[in-house]
């Protein structure tokens with residue numbers, strides 16, 4: 004079974020802090036994604052990566068950056084967290100027409 | 009910009025009812041449409057549809073795609089309380105590294 008793990012299930016940070024959300028997949032997938040999920044808005048793509056050190060902006064990249072130094076790990080970075088970044092963050096990896104999701108990180112920015 | 013719209017946004021039914029969830033899409037170079045079920049955790053995959061008119065079925069759930077009218081439906085028959093969840097549909101382009109555009113989701117609540 005494909006396994007996608009995220010470093011934290013719940014996280015509380017203060018405005019202005021730098022926040023790292025980590026995602027690891029164990030199936031050697033090339034493509035990985037970061038989404039945020041908000042009520043009434045569904046999942047919105049922040050960034051994705053199709054190879055090590057390769058990244059592309061999704062639909063809502065502002066305020067975020069990413070890092071993919073190793074194939075199995077895709078990190079989402081909030082350089083200076085703001086309250087409007089309070090959300091559920093979902094990581095996914097992709098193979099054969101299917102996206103496999105991690106359990107999600109619920110981030111609260113105070 | 010790709011767009012996926014689901015309706016209704018929420019639905020409350022009683023056990024045993026049949027429900028139909030709708031998904032319309034505008035996806036450039038469309039390749040496939042996917043349905044996911046999300047309970048209080050990560051979305052889990054239900055169906056992938058690529059061809060018009062071919063019904064996919066899994067137990068009490070079924071789904072079909074209409075590529076001419078650009079929509080898909082997800083049917084759930086004889087609903088159970090365990091079907092309560094958010095149902096997400098997503099469209100995928102032909103060349104996009106697997107990037108999906110999601111709809112807002114339909115919140116289904118099934119009462120005993």
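Chains as they are written, first to last, in my numbering: chain A, 4 to 113; chain B, 9 to 120.
Beta carbons are placed, not taken as given, at the ideal position from N, Cα and C, and that holds for glycine.
For residue i, which three-state DSSP category applies?
{"i": "residue 111 of chain B", "result": "coil"}
{"i": "residue 28 of chain B", "result": "strand"}
{"i": "residue 67 of chain B", "result": "coil"}
{"i": "residue 99 of chain B", "result": "strand"}
{"i": "residue 45 of chain A", "result": "strand"}
{"i": "residue 62 of chain A", "result": "coil"}
{"i": "residue 52 of chain B", "result": "strand"}
{"i": "residue 74 of chain B", "result": "strand"}
{"i": "residue 3 of chain A", "result": "Missing from the structure shown is residue 3 of chain A; chain A here goes from 4 to 113 and no further."}
{"i": "residue 8 of chain A", "result": "strand"}
{"i": "residue 117 of chain B", "result": "strand"}
{"i": "residue 91 of chain B", "result": "helix"}
{"i": "residue 10 of chain B", "result": "coil"}
{"i": "residue 82 of chain B", "result": "strand"}
Measure the alpha-carbon distance for residue i versus residue j and round it to whole angstroms.
{"i": "residue 53 of chain B", "j": "residue 82 of chain A", "result": "32 Å"}
{"i": "residue 26 of chain A", "j": "residue 97 of chain B", "result": "23 Å"}
{"i": "residue 106 of chain B", "j": "residue 8 of chain A", "result": "19 Å"}
{"i": "residue 22 of chain B", "j": "residue 98 of chain A", "result": "37 Å"}
{"i": "residue 72 of chain A", "j": "residue 57 of chain A", "result": "9 Å"}
{"i": "residue 47 of chain A", "j": "residue 105 of chain A", "result": "15 Å"}
{"i": "residue 24 of chain B", "j": "residue 85 of chain B", "result": "7 Å"}
{"i": "residue 39 of chain B", "j": "residue 101 of chain B", "result": "5 Å"}
{"i": "residue 33 of chain B", "j": "residue 78 of chain B", "result": "6 Å"}
{"i": "residue 61 of chain A", "j": "residue 116 of chain B", "result": "28 Å"}
{"i": "residue 63 of chain B", "j": "residue 78 of chain A", "result": "38 Å"}
{"i": "residue 35 of chain A", "j": "residue 53 of chain A", "result": "7 Å"}
{"i": "residue 165 of chain B", "j": "residue 59 of chain A", "result": "An answer regarding residue 165 of chain B cannot be provided, because it is not within the stretch 9 to 120 covered by chain B."}
{"i": "residue 37 of chain B", "j": "residue 99 of chain B", "result": "10 Å"}
{"i": "residue 49 of chain A", "j": "residue 66 of chain A", "result": "10 Å"}
{"i": "residue 84 of chain A", "j": "residue 26 of chain B", "result": "44 Å"}
{"i": "residue 70 of chain B", "j": "residue 88 of chain A", "result": "36 Å"}
{"i": "residue 65 of chain B", "j": "residue 23 of chain A", "result": "40 Å"}
{"i": "residue 30 of chain A", "j": "residue 42 of chain B", "result": "21 Å"}
{"i": "residue 44 of chain A", "j": "residue 111 of chain B", "result": "7 Å"}
Any beta carbon of chain C sitting closer than 7 Å to that of residue i?
{"i": "residue 49 of chain B", "result": "The structure shown has no chain C; the protein chains it does contain are A and B."}
Entirely enclosed beta strand (DSSP E) segments - the segment 72-113 of chain A, minimum 3 residues = Within the segment 72-113 of chain A, complete beta strand (DSSP E) segments of at least 3 residues are found at 76-81, 90-98, 101-104 and 108-112, given in chain order.
key: Members of the segment 83-99 of chain A near chain B, C-beta cut-off 7 Å   = Taking a C-beta cut-off of 7 Å against chain B, the contacting residues of the segment 83-99 of chain A are 93 and 97, listed in chain order.
Touch test, the segment 13-21 of chain B against the segment 85-98 of chain A, Cβ-Cβ under 8 Å, three pairs minimum = Not touching, per the Cβ criterion.
message = Under 7 Å, CB to CB, which of the residues in the segment 82-112 of chain B have a partner in chain A?
response = Taking 7 Å as the Cβ-Cβ cut-off against chain A, the residues of the segment 82-112 of chain B that qualify are 96, 105, 106, 107, 108, 110, 111 and 112.
task = Could you name the residues of the segment 34-63 of chain B whose beta carbon sits closer than 7 Å to any beta carbon of chain A, in the order they occur along the chain?
result = Here the close residues are 40, 49, 50, 51, 53 and 56.
inquiry  = By the 8 Å beta-carbon criterion, what residues does the segment 39-55 of chain A contribute toward chain B?
reply    = Answer set for the segment 39-55 of chain A: 43, 44, 45, 46, 47, 48, 51 and 53.
Contact residues within the segment 62-84 of chain A, judged by C-beta distance below 9 Å to chain B = Going along the segment 62-84 of chain A in chain order, one finds 62 with a Cβ nearer than 9 Å to chain B.
Members of the segment 24-35 of chain A near chain B, C-beta cut-off 7 Å = Those would be 34, in chain order.
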